[in-house]
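If you read the sequence shown in my numbering, its first letter stands for residue 132, the second for the next number, and so on.
Cβ atoms here follow ideal geometry from the backbone N, Cα and C, with glycine treated the same way.
To start, the structure itself, in structure tokens.
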Amino acid sequence: MAISGAHVQCGYVKDVRGAKLFFPLWSETITLGQSTTQVAPTLSAPEDAASLVFRVRAPASGEMLSAVGTAPDAGQAVGSSQNTARSHHVASEEKDIPAQAGWKCNVVSA
132 MAISGAHVQC GYVKDVRGAK LFFPLWSETI TLGQSTTQVA PTLSAPEDAA SLVFRVRAPA
192 SGEMLSAVGT APDAGQAVGS SQNTARSHHV ASEEKDIPAQ AGWKCNVVSA
């Protein structure tokens, strides 16, 4: 079954003997124009030495924009704050975007 929206995983990236490994904490598929219902958690040991990220994959059907923050809005043409600074994704592209506890991810079509 093809995914019609964006797939978002929240997790942490940790350096394990020189390899950057992703450890997922939760995932959610959202429609374009929406935000995740879940938020990035507060990390506790042993994850404290890791980097919290949203791993975001665009749908195969086209390009999209994403933004992260406490009230993210990827629909803004000019990103002048954390909540409106956007990342561009081509079809099926996956990117890791830094996150902080309490943040969500928002996606819109490009």
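Going by beta carbons, Glu159 and Thr168 fall inside the 8 Å limit. Less than 8 Å separates the beta-carbon of Ala137 from that of Arg188. Here the C-alpha atom of Thr215 lies approximately 8 Å from the C-alpha atom of Gly200.
A straight-line Cα-Cα distance of about 19 Å links Ser135 and Gly206. The beta-bridge partner set that DSSP reports for Arg188 consists of His138, Glu225.
Between Ala232 and Glu194, the C-beta spacing is not below 8 Å. Cβ atoms of Leu152 and Lys145 come within 8 Å of each other, at about 6 Å.
Residue state for Ala198 is assigned as strand, using DSSP reduced to three classes. Bounds of the beta strand (DSSP E) holding Thr160 are 150 to 161.
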